[in-house]
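Visitor:
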Amino acid sequence: TLAPKRPVVVLNGTTTIGLAAAYRLKVTRAGWNVVSIGNWTRSSVSATTIFYPSGFKASAKRLADDLSGTQLTREALSGMSSTQLTIVVAN
121 TLAPKRPVVV
131 LNGTTTIGLA
141 AAYRLKVTRA
151 GWNVVSIGNW
161 TRSSVSATTI
171 FYPSGFKASA
181 KRLADDLSGT
191 QLTREALSGM
201 SSTQLTIVVA
211 N
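First residue of the sequence shown? That's 121 in the working numbering, and the numbers climb one at a time after it.
1. Helix, strand or coil for Arg194? Go by DSSP, reduced to three states.
2. Are the segment 172-181 and the segment 139-152 in contact at 8 Å, needing three or more beta carbon pairs?
3. According to the Cβ coordinates, are Thr168 and Ala140 closer than 7 Å?
4. Start and end of the beta strand (DSSP E) containing Val209?
5. Could you check whether Leu197 and Arg126 sit closer than 7 Å to each other, using their CB atoms as the reference points?
6. In the DSSP assignment, what residue or residues form a beta bridge with Asn159?
7. Which of the three DSSP states is assigned to Val165 in this structure?
8. Alpha carbon to alpha carbon, how far is Leu183 from Ser202?
Shown next as structure tokens:
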């Protein structure tokens, strides 16, 4: 059985204007619900990364597979949502 599709937040981790909005389309076309977009204000990420809260690792892997499989997945950082997946988009 497939992991559930969790709500997704998409954050732009670059200086490219509009990147989160463009990536939101990719995520929604893959059948996932993007609940918000914005800008990543923490340290930069070297690759597009899906951060997942405790218990959501399988959902993060499914999202990566649905997108292209090239995104990194890691545990959510302090202050991130405990009920949503967070994608930080890199160049």
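Quick reminder that beta carbons are idealized off the backbone N, C-alpha and C, glycines included.
If you're wondering where the values come from, they're calculated on a predicted model, not measured in any experiment.
Guide: Let's see:
1. It is a strand residue.
2. no
3. Between Thr168 and Ala140, the CB-CB gap reaches or exceeds 7 Å.
4. 205-209
5. no
6. Asn132
7. Val165 falls in the coil class under three-state DSSP.
8. Rounded to whole angstroms, the gap between the alpha carbons of Leu183 and Ser202 is 17 Å.
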